[in-house]
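Engineer:
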Amino acid sequence: MSTSVRGYSTRARLLDAAEHLLRERGLAGATTKAIAADAECSEAALYKHFSGKGELLGALLRERLPAAGPLLAGAVRDEDAEACCVRLVRQLVWYYEQSVPLIGALFADRALLSGLRPLPYGTAAAPDELLEAVVRHLQALRERGRIRADADVRAAGALLLGVCFQRATFTQVAPGGWPWSTEEFTAVVGRTVAASLTVRTARAGRAAPGPGLPRRTRHDPVAEPAAPCKELE
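The opening position of the sequence shown corresponds to residue 213 in the numbering used here, with each subsequent residue numbered one higher.
1) Of all the options Thr244, Leu234, Cys253, Arg379, which has the alpha carbon lying nearest to the alpha carbon of proline 313?
2) Enumerated in chain order, which unbroken segments of the beta strand (DSSP E) with a length of 3 residues or greater are wholly contained in the stretch 357 to 392?
3) At which residues does the alpha helix (DSSP H) containing alanine 271 begin and terminate?
4) Taking alanine 229 and aspartate 250 to be in contact with their CB atoms under 8 Å, please state how far apart those CB atoms are, rounded to whole angstroms.
5) Once you ignore the five residues that flank leucine 272 on each side, which residues in its own chain have a CB closer than 8 Å to its CB?
6) Cα-Cα, which of Gln310, Arg358, Leu324, Gln303 is closest to valine 401?
7) Which term fits serine 458, buried or exposed, when burial requires 16 or more other beta carbons within 10 angstroms of its beta carbon?
8) So for glycine 238, helix, strand or coil by DSSP?
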């Protein structure tokens with residue numbers, strides 16, 4: 213068992229085991245018996261550290277989910293609209309790829325999910341906080357004249373969160389189902405949202421169309437999903 217390391221605390225092994233089973237088998241497969249076996253300890257040992265499955269999963273989410281809120285709320289950069297949107301998409305893609313397998317498994321038990329709140333700042337269970345972090349960066353663009361003064365930065369931020377969350381969710385239910393790489397997705401989504409914030413009207417001129425996301429016919433092979441982007445700028 214990969215989580216068994218000499219000197220590694222039983223509590224840490226239990227958290228590792230719970231994360232492994234949630235990602236591999238979902239909530240139904242993450243029973244206390246299975247978690248204990250995966251951690252190479254007894255169920256009695258599990259109950260010495262946690263009152264039950266709910267407390268264990270709560271600790272897992274509070275301690276192991278990536279903290280996207282503080283990450284996106286970092287220093288605002290002096291960049292153009294496209295560079296900013298691409299950077300935000302890259303960060304959101306990475307965050308949701310790491311968190312959706314854990315958060316998504318808990319949607320099968322709403323009572324359990326409700327009992328785990330509040331979760332850490334910037335988690336998928338607190339989308340309003342994550343949205344505010346993204347909006348802060350877009351507002352800086354508007355204040356510096358990089359996007360239209362009347363641009364709806366809150367709507368743009370919601371679009372960025374929504375498409376990145378949808379991609380991570382779809383990848384979970386249909387592995388390999390995306391016909392484009394993470395890099396292609398990040399570039400096209402960032403460029404598209406940036407264009408919506410900078411192009412004023414059709415009369416004022418249209419942005420030059422980009423290559424867009426490649427289309428796949430039913431006979432085309434399915435591309436392998438790209439590895440999560442962990443190099444956050």
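Cβ atoms here follow ideal geometry from the backbone N, Cα and C, with glycine treated the same way.
Structural biologist: Once the coordinates are examined:
1) Leu234
2) none
3) 265 to 276
4) 4 Å
5) Leu227, Ala230, Glu231, Leu234, Leu314
6) Gln303
7) This structure cannot settle anything about residue 458, because the visible part of the chain is limited to 213 through 445.
8) coil
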